[in-house]
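Using this note's numbering, you'd call the opening residue of the sequence shown number 1358 and step up by one each time. Okay, structure first, notes after.
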Amino acid sequence: MSDIGDVQNSLVAMVAAAVYPSGIGAASVSGKDIVVYAGWPTGSRLDADLLMEKAHVTIFQTQTETNKTRYPKDWKEASINSPGLAIAVIGQQITISGAPLVPFLPENVSVRIGRQSYVLAAAPEDTPATLAAVLADQIAVDWPSVAAAGGVITLPAAANITAALIGVAGTVVRALRTLERVFQITVWSATPAQRDVIGRALDTVLAGTERFTLADGYGARLLYRSSHITDHQQKAKLYRRDFQYSVEYSTTQSMTATQITQTALNSTGSAT
1358 MSDIGDVQNS
1368 LVAMVAAAVY
1378 PSGIGAASVS
1388 GKDIVVYAGW
1398 PTGSRLDADL
1408 LMEKAHVTIF
1418 QTQTETNKTR
1428 YPKDWKEASI
1438 NSPGLAIAVI
1448 GQQITISGAP
1458 LVPFLPENVS
1468 VRIGRQSYVL
1478 AAAPEDTPAT
1488 LAAVLADQIA
1498 VDWPSVAAAG
1508 GVITLPAAAN
1518 ITAALIGVAG
1528 TVVRALRTLE
1538 RVFQITVWSA
1548 TPAQRDVIGR
1558 ALDTVLAGTE
1568 RFTLADGYGA
1578 RLLYRSSHIT
1588 DHQQKAKLYR
1598 RDFQYSVEYS
1608 TTQSMTATQI
1618 TQTALNSTGS
1628 AT
């Protein structure tokens, strides 16, 4: 799930990319070292760094927050695993191939004959032959003449194979709450020129970003609120520029879910 910490970390990464457009190993936009982090600077560290013309950019979560929750808490598919196993039907033969995923992830082998379903959960040690044998044992309750050899299940001509599927697991996610929180992004620099070049780089990137994706796959909306430049020295060698941006994001919940491979409809009624 994503929370305010994930939003703040995403903003830190966005700011770092803005002031180091060629990567951390290359020069910054100011030509001097720039420290980017979440929170508020400590006076002693800031003073020491500014003496060496090392600027700071901080990302601070303010107390300004608005509840924007407005959508139902419905589950949505976030990701789905690719299967390691495969299944195919040719005539009266069902062929299982492949192998369970490594590292192991759940997979179900599902066969439907007529209106009857047969489902088997694969284990890490399974092979096509073991899966076919166990599945054939299930089918034999209704079709005693079924046979299994290797990964192939052979059914009698009267058996109507209506489905053969591999079901996998995936992740589903839902939004529990949507908030709009204001963040303050502050440039702390040793000179007005240094402040301005860093500020321009941030302004361009932030203004050009309408949405960004959080760790849970949900999007967050970035909206400009205000900007303020401090032209006078607050203390020796300290010049500031503050940006305020609001971020609308959802706190989410995720869980593992498996695919539906078989359905059934039961109904009762009476003639009139």
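We put the CB at the ideal spot given by N, CA and C, even for glycine. Since the model is a prediction, treat every value here as computed from it, not as a measurement.
The residues Leu1407 and Trp1545, in chain order, have a CB closer than 7 Å to that of Leu1595 in the same chain once the five nearest residues on each side in sequence are set aside. Separation of Ala1497 and Val1466 (C-alpha to C-alpha, rounded to the nearest whole angstrom) is 16 Å.
Residue state for Val1529 is assigned as strand, using DSSP reduced to three classes.
A Cβ-Cβ contact shorter than 9 Å links Tyr1602 with Val1539. Thr1561 sits in a helix when the DSSP states are folded into three classes. Taking 8 Å as the upper bound for CB-CB distance, Ala1577 and Val1604 are in contact here, some 5 Å apart. Asp1599 is bridged by DSSP to Thr1543 and His1585. In terms of Cα proximity to Trp1500, the closest of Val1509, Ala1489, Pro1513 and Leu1462 is Pro1513. Under DSSP, Tyr1575 forms no beta bridge with any residue.
Gln1450 has Ile1447 and Thr1511 as its beta-bridge partners, per DSSP. Under the three-state reduction of DSSP, Thr1399 is assigned to coil, being neither helix nor strand.
Boundaries of the alpha helix (DSSP H) harbouring Gln1365: Ile1361 to Val1376, taken from the DSSP string.
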